[in-house]
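Down below is the structure, laid out as structure tokens.
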Amino acid sequence: MDTITALVGHLAWPLTALLLGIMVLKELKGGLISALMPNGGSIEAAGFKLQTNAAKQAARKANVAVVDEPKAESDKDLSPYEQVMDAWRELATALTAKAVELGGADDNRKIYLNIEILREKGVYDTDVLSSVRDLFQARNSARKLGADLLAEADAESFVQTAKALTQIFI
Numbered sequence: 042m043d044t045i046t047a048l049v050g051h052l053a054w055p056l057t058a059l060l061l062g063i064m065v066l067k068e069l070k071g072g073l074i075s076a077l078m079p080n081g082g083s084i085e086a087a088g089f090k091l092q093t094n095a096a097k098q099a100a101r102k103a104n105v106a107v108v109d110e111p112k113a114e115s116d117k118d119l120s121p122y123e124q125v126m127d128a129w130r131e132l133a134t135a136l137t138a139k140a141v142e143l144g145g146a147d148d149n150r151k152i153y154l155n156i157e158i159l160r161e162k163g164v165y166d167t168d169v170l171s172s173v174r175d176l177f178q179a180r181n182s183a184r185k186l187g188a189d190l191l192a193e194a195d196a197e198s199f200v201q202t203a204k205a206l207t208q209i210f211i
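Numbering (my numbering), first residue to last: 42 to 211.
Take a look at the structure:
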């Protein structure tokens, strides 16, 4: 009986630490990191990396200025999710149009193919094209997250970055 009591006593702290770790990870996913680091960034520890505001990071990577613009009146009626999807649609259309000029696919769904064609032609800086790819992945993450869980601040960051990148391709 003493052995079982000792075993339970020894396992109590690791199990408590594990439960606290799970609770902290849920809070991190819920936006705590975005609130603590509103300008983006990443945290690396014990073999994992947590990044925030992927859209702003994509803009920095491409060396594209993201200017905080006042929202247009039409944006006020759109949900954050709809704003992200509209901004992505504009960027994908502009990128596709440039790729078609150089023999790319005339299909907004062929983003990776068109990025590779533009990269091969050397028309645009590879950091810009990598940023478009990163933004595409951020758009996919927003789709997986769903319309109800997308934060307004993340949507604004995405829209600003997408507009800045769109201007490069127009």
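All residues carry an ideal CB built from backbone N, CA and C; glycine is no exception.
Between residue i and residue j, how many whole angstroms is the CB-CB distance? I'm expecting something under 8 Å.
i: LEU132; j: ALA203; result: 5 Å
i: PRO121; j: ALA196; result: 3 Å
i: VAL173; j: ILE156; result: 6 Å
Just tell me which of the options has its CA closest to the CA of residue i.
i: THR137; options: ASN149, ALA58, MET126 and SER172; result: ASN149
i: THR207; options: VAL169, ASN181 and GLY187; result: VAL169
i: ALA140; options: HIS51, GLU197 and LYS162; result: LYS162
i: SER198; options: LEU154, GLN124, SER171 and LYS151; result: GLN124
i: MET126; options: PHE177, LEU56 and VAL164; result: PHE177
i: ASP166; options: GLY50, HIS51 and ILE209; result: ILE209
Can you look up residue i in the DSSP assignment and give me helix, strand or coil?
i: GLY187; result: coil
i: MET42; result: coil
i: ILE209; result: helix
i: LEU159; result: helix
i: ALA113; result: Residue confidence for ALA113 is low, a pLDDT of 49 falling below 50, so the modelled location carries little weight; the figure read from the coordinates is stated next. Of the three classes helix, strand and coil, the one that applies to ALA113 here is coil, per DSSP.
i: ASP168; result: helix
i: ASP118; result: coil
Quick check on the burial criterion: 16 or more other C-beta atoms within 10 angstroms. Buried or exposed for residue i?
i: ILE211; result: exposed
i: GLN201; result: buried
i: ILE152; result: buried
i: PRO55; result: exposed
i: ALA47; result: exposed
With residue i as the anchor, note down where its alpha helix (DSSP H) starts and where it stops.
i: LYS151; result: Careful: LYS151 lies outside any alpha helix (DSSP H) and carries neither H nor E.
i: VAL125; result: 121-142
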